Structure formats: C-alpha cells, structure tokens
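**Student:** Got a structure for you, written out below as structure tokens; questions coming shortly.
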Amino acid sequence: MSILDEKKPHQRFFEALTKIPHGSENEQAISDFLVEFAKTRKRKVIQDAANNVIVYKEASRGYEDHPAVMLQAHIDMVNEKSSDSTHNFETDPLDIYVEDGFVKARGTTLGADDGAGAAYIMAVLDDDTLMHPRINAVFTTGEESTMNGAFQIDPKLLDARRLINLDCIDEGISTTASSGGMDVLFHRKLNWINNNQNCCQLCVSGLYGGHSGGDIHLERGNALKIIARVLHVLQKQNTIMLSSLSGGFKVNAIPHTAEAVFAYDGDFSHLSSIVKETAAAIQKELAYSDRELQIEIRQIEPVKEVVDQNDSEAIVKLLYLHPTGLRHKSEHMDGLTVASENIGVVTLDRMHFEAAVSMRGALDSYVKDMQDESHTLGALLGFECEDANWYPCWEYVENSALRSIMKEVYHDMYGTDLILEAVHGGLECGILKDKLPDLDIVTLGMDMYDVHTPMEKLDLASFDRSYHFLCEFLSKL
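Just so you know, we're using my numbering here: the sequence shown kicks off at 5 and counts up by one.
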C-alpha cells in the first residue's frame, strides 16, 4: 500500500526511491534502478564508473530549436538515525509516513535531500505531455560525502549550457552562489598501556545536530566539542586516560551525540560534581538552541587497556582547541555565513585516532587559512594531517538569462518576487561550472526541514507546488 499519492508522479517516484537504500557510497542499487527506469521509457541513458546516471529526453514538438537544459540532482543521502533506532541503512527501506502534511521517516533521515529533486527529474522524464527543450537529466552520486560523482562527470556528455539544480531545501528561493570547502583529517598512532584504575563513561546526547553548511549559523551545540570541553575541565584536576572516544557519523553533519570511556585517578564523586557543574554551564549557554542537551557520567567496570596520558591529553587538547562552528559572516549580505568549520567525526580504536573536520568558505582564501590553522595546531600537538574532499566555490554572476526567466515565471505564477540568495553550503553547481565555464545556473527546491537529522521532514504541499512551477518554467525555456 502506498503512503504517498500515486496519482502525482513526483510523489510516486519519491516513495519508490525511499525503498532503496542509498546512503553515500552505497548508490549502486539506486543507480541501476534509474538506468532501468530510463530504458523502460526508451530514453538514451549512460551510467559511468562512479554510478552517475545521465538520461536524455528529446525536445517537445516546437522546442526542437531551443537550447537544451540540464536538470540535476544527487541520489545519495545522509544516513542519520535516532539513538534508539535499529534501522540498517545498508539493507532496510525507509519507514516513511505522513503527519500534519509532512512526510517523515521513523527514526531516521528521510533523504528528501536530494531524493525530492531526483523524483522531480524522474517525473519530467516520465511525462510526454510536458513542453520543454531537449533535456540532459543528470543524477550524481556521493554529494553528501566527497562529491565524487560530480567530479567524475564527463562534460563531453552534456550539450546543455543551462542548468536547473534541484538540490535546494526552500520553496521560492533560488541560490546564486555557494561555498567551496575541504576536509582536514587528523591522525595519530596511539600508545596503549595496561590499566589499573577505575573507569567511567561520559555521554553527551539530546543535541539538535543539523547540516554543517545550512545550519552552522544557528550555533547549535557540537557533541564532540562539548565532550572535549568536559574532558578538558576534568584533565585540569585529574589524570584522564582514554579507552574510547566516538561521535558523529558524517563530516558534514553537526554531531548530536558523543561518548567517551576513560580511566581516572581520584574520587568519582569529585569527578561527578565537576561534570555536573560544567554541564549546567553548557546547558545554560545552549538553552535556546539545544534545550534537550544531556551530559551524564557513570562508573563502569574497569577496562584492561587505555591510551597513555600523553596521547590522551593531546587528543582532548586538539578537540578542545580546534575551532568549530561559525567563523565569519558577510559584511554586505545580511545573515550569510562566509566561513565555518565543523568537527564532524571522531574515532578512537586499538589502531589509531582520527578526527575529521569540515571547513567551508565563500572565498578560497578563507578555506586556505583555516586549513593552515588546522595543520599548525596538529603539528604542535603531534598529529599528522591529511587534506581531502576539496570542492570549488560557485561564484555569483550578476547577469543570468536563465535566472531572469525564472524570476519572470515565478512572479507571473505567484504574484510575488523570487528570493535570491547565496548559501554557505557546498553545491555541485561549483564543480559543474568549473567543468563548463559558460554554464548558466539556477536552483529550485521545495520546503524541507531538519535535513541530515532524524527529524527531517518534507512539506507535501510545497513539494506539489514546486513541481508545478518546474513544469511551467521548463515550458518557457
């Protein structure tokens, strides 16, 4: 039985996509599904080594001499789930439901970012009654991790020089520029020693989390930064030796939980009082952004081995001292974040320690400066640093013919002006623009909320309206 409205093609195709596991780096099945979808409709289709899929649809009658247009969305999603969820993202379909006009997934992210955009493209490819120029439909992989799919696209396969990117989370808003960025990875081999001290577990939970680009300006709590702060306070008065430390699932998601197990000297009641005092201060600081924040400590059975004091102190200092969150705001565009960092994932195991930090900037110089800060801090504390996942900015272009048409169609349909804004998130638009310098770009989306979190939801009425707008927009190109 269908959850969404089967009579509406974009809803039908979105629901179909939620049944196929498609987290980043797990896109083979959804890529094959799209290839079969295209072949069934006798559309020319190309699937590359990165599992990108390009589908071609010929122009409608009367549009044969119009310039081609590219529709683009990514087909991977961020896999995040609530702490009590048993969902297996590798094998399980999403458990979607509708509540108060929103489609949601029980205990997990929904993948409307960017399954909703992919569903729009499928609906356009499926409907031969629509009026439009020749279409290059581009489904990319790995956007939420490395953007590898967009990097691997062969520009020779694309004859369109007008792009409608469908990776946008707001109706009535079109993006005009996006940040570039990269990740810095900190590595350290650890010295493990036998433990003869008592142990306890420290947990941070209840944070809101969010997208490290779109939500970073809200200054929500970062679980890894918080747990490092508490450990730092404890280290000032006690010897702390870590046994485990973890938090975060994706470098581009603000971590909402973190956990540490460590050995300690001294009295547990004293440790507990320090944690309670520090927790109360942090909870007061985050009272408006993260009201459900919990910081808890409990005694556990002693572990056999721990990381020695020198390595433990270095790890805590790195996470405590490394910036995370908002770094700079624009001086001329109200509310726009132009530089930020996010300590996204930390793992500590028997072999080594690793921390992944995402950094974004509207200018290359911002990113390069934060990169240099990270490498300098890492060197001071004895960590090896590795750079990964660089992607280019999409710079603002003042004169855009495609944007002008979009603004006109929007005003004619809704009697109000389309909102134009630059965003702090990284978009594949910058990569495609780098490959095709004469590409004219707009973005189009629908209202969705709390993306990259288990509370993610898609507004169905907005989903319907924006699809109607896309069809009308295509008819004017």
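All C-beta atoms in this analysis are idealised placements derived from N, C-alpha and C, irrespective of residue type, glycine included.
The model shown is predicted, which means the values in this text are computed figures rather than measured ones.
Apply the 10 Å Cβ neighbour rule to His-191 and answer buried if 16 or more other Cβ atoms are within range, or exposed otherwise.
**Tutor:** Burial call: exposed.
**Student:** What would DSSP say about Met-450, mapped onto helix, strand or coil?
**Tutor:** Coil.
**Student:** Which whole-angstrom value describes the C-beta separation of Asn-393 and Thr-144, a residue pair presumed to lie in contact below a C-beta threshold of 8 angstroms?
**Tutor:** Not really, about 15 angstroms apart at Cβ, beyond 8 angstroms.
**Student:** Taking Gly-217 as the reference, which of His-332, Asn-202, Ser-250 and Ala-127 has the closest Cα?
**Tutor:** Among His-332, Asn-202, Ser-250 and Ala-127, the Cα nearest to that of Gly-217 belongs to His-332.
**Student:** For the 8 angstroms Cβ check, are there 3 or more pairs between the segment 430-443 and the segment 88-98?
**Tutor:** No, the segment 430-443 does not touch the segment 88-98.
**Student:** Would you kindly report the start and end of the unbroken alpha helix (DSSP H) that includes Asp-315?
**Tutor:** Looking at the DSSP string, the run of the alpha helix (DSSP H) that includes Asp-315 is 313-325.
**Student:** Could you tell me which residues DSSP pairs with Lys-85 in its beta bridges?
**Tutor:** DSSP output for Lys-85 lists Thr-112 as bridge partner(s).
**Student:** Straight-line CA distance for Ile-304 to Gly-382?
**Tutor:** Roughly 32 angstroms between the two C-alpha positions.
**Student:** Mind pulling the alpha helix (DSSP H) runs of 4 or more residues that sit fully within the segment 367-420?
**Tutor:** 368-385 and 405-418, all fully within the segment 367-420.
**Student:** What do you get for Arg-295, buried or exposed, if any count of 16 or more other CB atoms within 10 angstroms of its CB means buried?
**Tutor:** That one is exposed.
**Student:** Which residue wins for smallest C-alpha separation from Val-82, given the options Pro-25, Lys-48 and Lys-43?
**Tutor:** Selected option, being the one with the closest Cα: Pro-25.
**Student:** In this structure, does DSSP put Gln-241 in helix, strand or coil?
**Tutor:** Three-state result, Gln-241: coil.
**Student:** Could you tell me which uninterrupted beta strand (DSSP E) segments, each at least 3 residues in length, are contained entirely in the segment 179-214, listed from first to last along the chain?
**Tutor:** Those beta strand (DSSP E) runs which fall completely within the segment 179-214 and span 3+ residues are 196-198 and 202-209.
**Student:** How far does the alpha helix (DSSP H) with Ser-35 in it extend, from its first residue to its last?
**Tutor:** Ser-35 -> alpha helix (DSSP H) spans 32-44.
**Student:** With a cut-off of 8 angstroms on the beta carbons, I'd call Ser-183 and Ala-366 a contact; round off their distance for me.
**Tutor:** Contact flag correct, Cβ pair sits at about 5 angstroms.
**Student:** The alpha helix (DSSP H) that contains Ile-157, what's its start and end?
**Tutor:** Ile-157 -> no alpha helix (DSSP H), and no H or E assigned at all.
**Student:** Starting from Ser-344, trace the beta strand (DSSP E) both ways and give me its first and last residue.
**Tutor:** From DSSP, the beta strand (DSSP E) with Ser-344 extends over 341-352.
**Student:** Are Ser-378 and His-326 touching if we call contact CB-CB under 8 angstroms?
**Tutor:** A contact, by the Cβ cut-off of 8 angstroms.
**Student:** Name, in chain order, the residues that DSSP records as bridge partners for Glu-425.
**Tutor:** Its beta-bridge partners are Thr-179.
**Student:** Excluding five sequence neighbours on each side, which residues of the same chain lie with their C-beta closer than 7 angstroms to the C-beta of His-236?
**Tutor:** So the qualifying residues of the chain are Val-320 and Tyr-324.
**Student:** According to DSSP, Phe-473 sits in a beta bridge with which residue or residues?
**Tutor:** Bridge partners of Phe-473: none, in fact.
**Student:** Across which residues does DSSP place Asn-140 in a beta bridge pair?
**Tutor:** For Asn-140, which the question treats as bridged, DSSP gives the partners Tyr-60 and Met-74.
**Student:** Helix, strand or coil for Gly-66, going by three-state DSSP, please let me know.
**Tutor:** Three-state result, Gly-66: coil.
**Student:** Short check: CB of Ser-28 to CB of Asn-55, under 8 angstroms?
**Tutor:** It is not a contact, given that the beta carbons lie outside the stated cut-off.
**Student:** So who's on the other strand from Gly-251, going by DSSP bridges?
**Tutor:** In the DSSP output, where bridge partners are listed per residue, Gly-251 has Ala-262 and Val-350.
**Student:** With distance defined between alpha-carbon atoms, name the residue in Pro-13, Ser-6 and Met-5 nearest to Asp-468.
**Tutor:** Residue Pro-13 is the option with its Cα nearest to Asp-468.
**Student:** Mind checking Pro-137: buried by the 16 CB within 10 Å criterion, or exposed?
**Tutor:** With 16 or more Cβ atoms within 10 Å of its Cβ, Pro-137 is classed as buried.
**Student:** Within its chain, find whatever has a CB closer than 7 angstroms to the CB of Phe-41; leave out the 5 residues flanking it on each side and keep chain order.
**Tutor:** If we look at Phe-41 and ignore the five residues flanking it on each side, its Cβ neighbours are Met-126.
**Student:** Identify the continuous beta strand (DSSP E) that holds Gly-27 and give its terminal residues.
**Tutor:** Segment: none, Gly-27 is in no beta strand (DSSP E) and carries neither H nor E.
**Student:** Taking the alpha-carbon positions, what's the Val-57 to Glu-10 distance?
**Tutor:** Roughly 24 angstroms between the two C-alpha positions.
**Student:** Measure the Cβ-Cβ separation of Tyr-268 and Asn-242 and say whether it is below 8 angstroms.
**Tutor:** Yes, they are a contact pair.
**Student:** In the DSSP assignment, find the unbroken beta strand (DSSP E) run with Ile-100 in it and report its ends.
**Tutor:** Ile-100 -> beta strand (DSSP E) spans 100-103.
**Student:** Three-state secondary structure (DSSP) at Leu-462?
**Tutor:** Three-state DSSP puts Leu-462 in a strand.
**Student:** State the beta-bridge partners of Tyr-268 as determined by DSSP.
**Tutor:** Its beta-bridge partners are Asn-202 and Ile-244.
**Student:** Spell out the partners DSSP gives His-356 in its beta bridges.
**Tutor:** Lys-193, per the DSSP bridge assignment.
**Student:** Buried or exposed: where does Val-401 fall if 16 or more other Cβ atoms within 10 Å of its Cβ makes it buried?
**Tutor:** With fewer than 16 other Cβ atoms within 10 Å, it is exposed.
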